[in-house]
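So the protein lines, in turn, are chains A and B. Everything in the first sequence is counted per UniProt numbering, starting at 1 for the first residue and increasing by one. Everything in the second sequence is counted per UniProt numbering, starting at 1 for the first residue and increasing by one. C-beta: ideal position from N, C-alpha, C; glycine also. Accompanying notes for the structure given below.
There are 2 protein chains.
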Amino acid sequence: MGWMQGFPPPADKLITQPDSNFFSFPKLRWSVCHLREFLPTEEISRGLGAPSTLRYPSAPRFADLRQEIDALSFTPLNAEAPMTWEQSLYANYTDGILILHEGEVVYERYFGCLDETGKHAAMSMTKSVTGLLGEILVAEGKLDDTLLVRDIIPEIGESAFATATVRQVMDMTTGVKYSEDYSDPNADIWLYSAAASPLPKPEGYTGPNGYWEYLQQVKPDGEHGAAFHYKTINSDMLGWIISRVTNKSVTELASERLWRPMGAEQDAYQTVDAKGVPFAGGGISASLRDLGRLGQIMLDEGAFGGKRLFPAEVVEHIRKGGDPSKFSGFPTIPNGSYTSQWWVFHNDHGAFAARGVHGQTIYVDPTAKMVLVRFASYPQAQNGFIDPTSLPAYQAVAEYLMSR
Amino acid sequence: MGWMQGFPPPADKLITQPDSNFFSFPKLRWSVCHLREFLPTEEISRGLGAPSTLRYPSAPRFADLRQEIDALSFTPLNAEAPMTWEQSLYANYTDGILILHEGEVVYERYFGCLDETGKHAAMSMTKSVTGLLGEILVAEGKLDDTLLVRDIIPEIGESAFATATVRQVMDMTTGVKYSEDYSDPNADIWLYSAAASPLPKPEGYTGPNGYWEYLQQVKPDGEHGAAFHYKTINSDMLGWIISRVTNKSVTELASERLWRPMGAEQDAYQTVDAKGVPFAGGGISASLRDLGRLGQIMLDEGAFGGKRLFPAEVVEHIRKGGDPSKFSGFPTIPNGSYTSQWWVFHNDHGAFAARGVHGQTIYVDPTAKMVLVRFASYPQAQNGFIDPTSLPAYQAVAEYLMSR
Numbered sequence: 001m002g003w004m005q006g007f008p009p010p011a012d013k014l015i016t017q018p019d020s021n022f023f024s025f026p027k028l029r030w031s032v033c034h035l036r037e038f039l040p041t042e043e044i045s046r047g048l049g050a051p052s053t054l055r056y057p058s059a060p061r062f063a064d065l066r067q068e069i070d071a072l073s074f075t076p077l078n079a080e081a082p083m084t085w086e087q088s089l090y091a092n093y094t095d096g097i098l099i100l101h102e103g104e105v106v107y108e109r110y111f112g113c114l115d116e117t118g119k120h121a122a123m124s125m126t127k128s129v130t131g132l133l134g135e136i137l138v139a140e141g142k143l144d145d146t147l148l149v150r151d152i153i154p155e156i157g158e159s160a161f162a163t164a165t166v167r168q169v170m171d172m173t174t175g176v177k178y179s180e181d182y183s184d185p186n187a188d189i190w191l192y193s194a195a196a197s198p199l200p201k202p203e204g205y206t207g208p209n210g211y212w213e214y215l216q217q218v219k220p221d222g223e224h225g226a227a228f229h230y231k232t233i234n235s236d237m238l239g240w241i242i243s244r245v246t247n248k249s250v251t252e253l254a255s256e257r258l259w260r261p262m263g264a265e266q267d268a269y270q271t272v273d274a275k276g277v278p279f280a281g282g283g284i285s286a287s288l289r290d291l292g293r294l295g296q297i298m299l300d301e302g303a304f305g306g307k308r309l310f311p312a313e314v315v316e317h318i319r320k321g322g323d324p325s326k327f328s329g330f331p332t333i334p335n336g337s338y339t340s341q342w343w344v345f346h347n348d349h350g351a352f353a354a355r356g357v358h359g360q361t362i363y364v365d366p367t368a369k370m371v372l373v374r375f376a377s378y379p380q381a382q383n384g385f386i387d388p389t390s391l392p393a394y395q396a397v398a399e400y401l402m403s404r
Numbered sequence: 001m002g003w004m005q006g007f008p009p010p011a012d013k014l015i016t017q018p019d020s021n022f023f024s025f026p027k028l029r030w031s032v033c034h035l036r037e038f039l040p041t042e043e044i045s046r047g048l049g050a051p052s053t054l055r056y057p058s059a060p061r062f063a064d065l066r067q068e069i070d071a072l073s074f075t076p077l078n079a080e081a082p083m084t085w086e087q088s089l090y091a092n093y094t095d096g097i098l099i100l101h102e103g104e105v106v107y108e109r110y111f112g113c114l115d116e117t118g119k120h121a122a123m124s125m126t127k128s129v130t131g132l133l134g135e136i137l138v139a140e141g142k143l144d145d146t147l148l149v150r151d152i153i154p155e156i157g158e159s160a161f162a163t164a165t166v167r168q169v170m171d172m173t174t175g176v177k178y179s180e181d182y183s184d185p186n187a188d189i190w191l192y193s194a195a196a197s198p199l200p201k202p203e204g205y206t207g208p209n210g211y212w213e214y215l216q217q218v219k220p221d222g223e224h225g226a227a228f229h230y231k232t233i234n235s236d237m238l239g240w241i242i243s244r245v246t247n248k249s250v251t252e253l254a255s256e257r258l259w260r261p262m263g264a265e266q267d268a269y270q271t272v273d274a275k276g277v278p279f280a281g282g283g284i285s286a287s288l289r290d291l292g293r294l295g296q297i298m299l300d301e302g303a304f305g306g307k308r309l310f311p312a313e314v315v316e317h318i319r320k321g322g323d324p325s326k327f328s329g330f331p332t333i334p335n336g337s338y339t340s341q342w343w344v345f346h347n348d349h350g351a352f353a354a355r356g357v358h359g360q361t362i363y364v365d366p367t368a369k370m371v372l373v374r375f376a377s378y379p380q381a382q383n384g385f386i387d388p389t390s391l392p393a394y395q396a397v398a399e400y401l402m403s404r
């Protein structure tokens with residue numbers, strides 16, 4: 001019947017539907033594992049059949065490793081007193097943490113609302129999945145990152161995005177007006193949330209309906225390409241570009257290119273707006289182990305279990321990072337950059353990461369051959385609060401694993 | 001933190017949230033495969049690991065079987081002209097159909113919005129899952145079906161349900177006021193829908209919030225035990241009873257007792273009200289093959305793949321049926337009965353079924369050793385419209401399979 005076909009579907013084939021949004025500590029501690037119970041969602045299918053095997057040490061060795069890692073000591077940023085690894089898990093409201101070393105699971109613990117069969121909100125790590133899909137399309141020649149957005153999506157119209165390149169969208173160096181200050185009631189984030197909500201719009205609401213309508217009316221703010229500005233609307237702009245180029249939703253593409261070929265253990269899911277558009281900037285919930293598989297793919301430059309999922313140059317590009325001279329505003333990542341929706345630390349180990357508010361991370365350390373995934377429900381959103389007791393802890397584990 | 005613990009959770013541990021409802025042809029044809037994209041849902045987890053194997057014939061034999069079954073001819077109820085099996089699939093707006101004979105898949109086809117990795121709304125087949133869980137608890141001595149509802153749930157208060165027995169609830173012979181005439185705008189079904197909706201309540205709404213609050217204020221209508229009346233509120237009453245007795249949501253219990261042990265291929269899911277209570281009377285969406293597994297368990301009296309999931313007496317009880325003298329109102333099932341939320345045909349083959357509006361069925365024919373699962377999106381809700389071109393078709397296939 002053609003319902004909901006196309007990006008977006010024609011008006012007479014569109015089925016719209018309301019919904020809601022939320023998220024505040026302490027309810028957050030429960031909500032992060034139960035997002036689908038509040039919101040409409042789309043599946044990221046693992047497909048059928050058996051999941052791929054994750055390699056574990058023998059049970060006694062695994063227990064020993066846990067003891068040794070729990071006892072590791074490090075000094076938090078801007079602090080004097082040391083802290084143990086295990087203390088940091090509680091300090092950071094960790095819900096689940098998994099460490100892979102040379103492809104083997106050396107540490108795995110669950111807390112709070114999460115267990116091995118649960119899914120947890122990935123928050124802005126979703127951006128990195130979107131960015132990875134975009135980078136795969138670029139590497140495969142299906143998406144030209146030098147094109148302007150309006151070349152791909154003519155109906156972007158007079159939006160400030162129209163004249164940005166795909167690359168600028170991917171690297172968040174667009175000059176677009178969008179304030180994400182959660183404490184300002186007039187911040188654009190709230191207008192965006194209103195547009196994105198699948199709940200019935202309030203009486204008299206005349207604003208945009210859905211992510212993509214919002215993107216069509218974004219105003220300029222500065223020059224494209226001048227500097228990195230962390231603005232979620234870039235990720236949703238990239239999601240639209242990806243869907244236009246592939247004629248697939250980002251959920252379908254994430255299933256085809258990542259979840260199915262990596263042999264995910266569980267389906268993931270992604271929240272949607274009233275028009276069924278997945279939230280490419282923050283909507284994914286997934287299992288801890290499956291994000292471990294994803295991190296391992298990044299460490300292994302696009303391969304998993306001996307199977308190549310995408311060209312190695314995808315990871316090479318991401319790992320190299322963006323232009324650090326354009327990067328600022330994140331004191332806990334002083335030498336960092338952002339490219340293809342991934343954070344690059346430009347540290348000794350060449351580490352890079354997917355990161356989401358309230359403490360979510362996929363942290364890839366190529367030097368230590370370590371992948372670390374953490375889900376958390378830290379009371380405050382910004383990772384600047386969590387990094388002091390996290391980033392040095394990751395470094396300490398990496399050094400321990402390299403030395404053993 | 002105790003969020004959402006208990007049935008229901010204490011007021012200060014309750015996280016509430018709005019939502020919506022819908023369903024009309026022709027949008028129905030799409031919506032039946034995408035319910036989670038409109039509504040908050042809870043997962044029925046398959047657990048982790050590999051799914052159980054469904055046995056298939058060789059590909060050439062499978063193709064032959066399809067041809068032979070497609071060509072089968074039968075005469076619809078109240079008709080003179082015969083129809084082929086394949087014609088009946090289109091006449092009935094079939095979305096997916098699976099036939100198992102002696103535990104082997106002999107026929108499997110997908111149409112419309114469904115494919116093998118999709119999930120489809122089970123509608124009132126959900127009741128049969130709820131009823132099966134209830135019957136398992138009865139057989140295991142965890143639920144006494146002679147108790148009154150108020151003995152188990154004191155806060156049912158002055159509701160008409162208070163003085164019904166658990167068995168009357170399971171068999172839908174309660175005397176409770178509830179009209180399900182969809183064409184009457186004042187029918188109770190609409191009040192129930194308003195209570196059940198997870199969307200924000202309209203301004204000035206003073207009615208019950210959620211399934212369970214609704215059940216607390218149901219008025220009497222006739223005597224308990226006198227006759228079968230098909231009323232969905234019984235299923236949700238049973239869901240509450242089950243959750244109270246087990247301290248688990250019906251989704252969790254369905255996962256533990258059915259989806260995990262049967263080695264389901266996919267997670268299923270169930271819609272929820274604003275308080276996170278799953279819709280025990282109609283909220284499940286599942287894959288075709290997994291309902292095939294469930295049907296096979298019913299055929300094999302509680303066992304699957306050599307493993308016993310629950311006592312054989314559960315199926316023996318259901319198959320025996322309810323009291324046909326109390327059954328009326330379904331002209332296409334003239335000799336039928338209803339027990340434990342399953343339909344029993346009392347025909348020559350001893351067939352029984354889970355049934356849902358718009359053409360959903362799990363049809364178990366013990367004589368032919370056949371399980372047939374069909375998902376459909378027939379324009380009209382009542383199965384009375386669909387049975388004429390379905391029930392004789394099932395009989396024709398059963399006879400064909402017995403004769404081959």
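Taking only beta-carbon atoms, is A/D70 less than 8 Å away from chain B? no
If you measure from the beta carbon of B/D267 to each beta carbon in chain A, is any gap under 8 Å? At least one CB of chain A lies nearer than 8 Å to the CB of B/D267.
Quick check on A/K57 - is its C-beta less than 8 Å from some C-beta in chain B? The sequence as given places Pro at residue 57 of chain A; Lys does not occur at that position. Output row for A/P57: interface = no.
Per DSSP, which residues does B/R55 bridge with? Please list them. B/E104
Which residues in the same chain as B/D387 place their Cβ atom closer than 6 Å to its Cβ, once the five residues preceding and following it in sequence are excluded? Excluding sequence neighbours, B/D387 sits near T332.
Does B/L191 get closer than 8 Å to chain A when you measure Cβ to Cβ? no
Measuring only between beta-carbons, confirm whether B/T41 sits less than 8 Å from chain A. Cβ-Cβ to chain A under 8 Å: yes for B/T41.
Which residues of the region 173-204 of chain A have a Cβ closer than 9 Å to any Cβ of chain B? Give them in chain order. P198, L199 and P200
Alpha carbon to alpha carbon, how far is A/F62 from B/A63? Give it in angstroms, no decimals. 50 Å
Grouping DSSP H, G and I as helix and E and B as strand, with all else coil, what is A/M123? coil
Mind checking which residues open and close the alpha helix (DSSP H) that includes B/G239? For B/G239, the enclosing alpha helix (DSSP H) starts and ends at I233 to T246.
Alpha-carbon spacing of B/G306 relative to B/L98, whole angstroms: 21 Å
At a CB-CB cut-off below 8 Å, which residues of chain B make contact with A/E37? Q17, P40, T41, E42, V272 and G276
Less than 6 Å between C-beta atoms, sequence neighbours within five positions excluded: which residues of the same chain meet that for B/G134? M170, L238 and I242
Mind checking if A/A227 is an interface residue toward chain B, Cβ cutoff 8 Å exclusive? no
At what residues does the beta strand (DSSP E) containing B/T339 begin and finish? Element bounds for B/T339: S337 to T339.
So the alpha helix (DSSP H) A/D188 belongs to, where does it begin and stop? D188 to A196
CA-CA distance, A/P185 and B/V166? 52 Å
Quick test of the definition: if touching needs 3 or more C-beta pairs under 8 Å, does the region 366-375 of chain B touch the region 194-210 of chain B? no
Quick one: residues in its chain with C-beta nearer than 6 Å to the C-beta of B/N21, no 5 flanking neighbours on either side, listed in chain order? Below a pLDDT of 50, predicted positions are generally treated as unreliable, and B/N21, at 47, falls in that range; the measurement from the model is reported next regardless. If we look at B/N21 and ignore the five residues flanking it on each side, its Cβ neighbours are S193 and S197.
Starting from the beta carbon of B/E108, find every residue of chain A whose beta carbon is closer than 7 Å, and list them in chain order. None at all; the shortest Cβ gap to chain A is about 13 Å.
At least one CB of chain A closer than 8 Å to the CB of B/G239: is that the case? no
Please report how far the alpha carbon of A/S340 lies from the alpha carbon of B/P379, in whole angstroms. 46 Å
Mind checking if A/T117 is an interface residue toward chain B, Cβ cutoff 8 Å exclusive? yes
Interface partners of A/S24 on chain B, CB under 7 Å: Those do not exist, as A/S24 stays about 10 Å from chain B at its closest Cβ, beyond 7 Å.
With a 10 Å radius around its C-beta and 16 neighbouring C-beta atoms as the bar for buried, classify A/P278 as buried or exposed. Buried is the label assigned to A/P278, since at least 16 other Cβ atoms lie within 10 Å of its Cβ.
Tell me whether A/I136, by its Cβ, gets closer than 7 Å to a heavy atom of the ligand FMN. Among the components modelled here there is no ligand, and therefore nothing to report on the ligand FMN.
Strictly below 9 Å CB to CB, what residues from chain A border B/A50? G49, A50 and P51
Quick one: is A/R46 buried, meaning 16 or more other Cβ sit within 10 Å of its Cβ, or exposed? buried
Chain B contact for A/P392 (CB, 8 Å cutoff): Chain B, which has no Cβ nearer than 8 Å to the Cβ of A/P392, makes this no.
Do you know offhand how far B/T117's Cα is from A/D95's? 30 Å
With a 10 Å radius around its C-beta and 16 neighbouring C-beta atoms as the bar for buried, classify A/R293 as buried or exposed. buried
Consult DSSP for A/L258 and reduce its assignment to one of helix, strand or coil. helix
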